[in-house]
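Numbering (this note's numbering), first residue to last: 8 to 129.
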């Protein structure tokens, strides 16, 4: 019997490069009700300034991509502090995590918004 090992996503595994001295990173709050994996594309909720999964069809602020989550974050029962790549970085597009509701067009829109932040998707 051959056992196959698979490496799972890990914290910041999607980052190809970032600015010196963690200038690319920002500390934020993930809104209660979210359970996200490293590499999740996030939007910032206009009311309150917390972050949640990017949703191109939303109307609460999360329809604009605002960063990429660095490590897994389980905020299902309460808000959780987290860190994101917020600017000036290159990321592996194959390792970004999109909400299941986001189709190719939604993802393309999110990538354009990440690019405006200086987050280049390769």
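Even for Gly, the Cβ is constructed at its ideal location relative to N, Cα and C.
Three-way DSSP call (helix, strand, coil) for residue i in this model
i: residue 63; result: coil
i: residue 56; result: coil
i: residue 121; result: helix
6 angstroms CB neighbourhood of residue i in its chain, flanking five on each side removed
i: residue 43; result: 76 and 80
i: residue 90; result: 32, 34 and 77
i: residue 120; result: 71 and 72
i: residue 93; result: 33 and 74
i: residue 125; result: 94 and 95
i: residue 19; result: 77
i: residue 122; result: none
Close beta carbons around residue i, own chain, < 8 angstroms, minus the five adjacent residues each side
i: residue 129; result: 23, 97, 98, 99 and 100
i: residue 117; result: 48, 61, 63, 72, 105 and 109
i: residue 30; result: 94 and 95
i: residue 54; result: 67 and 68
Chain-order list of residues whose beta-carbon lies under 7 angstroms from that of residue i (same chain, five-residue window excluded)
i: residue 86; result: 36, 37, 38, 39 and 57
Unbroken beta strand (DSSP E) run spanning residue i, endpoints
i: residue 6; result: Limits of the chain in this structure are 8 at one end and 129 at the other, which puts residue 6 out of reach.
i: residue 44; result: Element bounds for residue 44: n/a, residue is neither H nor E.
Residue i at chain B interface by Cβ criterion, 8 angstroms
i: residue 40; result: No chain B appears in the structure shown, which is made up of a single protein chain.
Q) Are there three or more Cβ pairs, one per stretch, closer than 8 angstroms when the region 103 to 110 is compared with the region 26 to 39? A) no
(Q) I'd like the ranges of any beta strand (DSSP E) spanning at least 3 consecutive residues and lying wholly in the region 67 to 115. (A) 72 to 76, 80 to 82, 87 to 92 and 96 to 98
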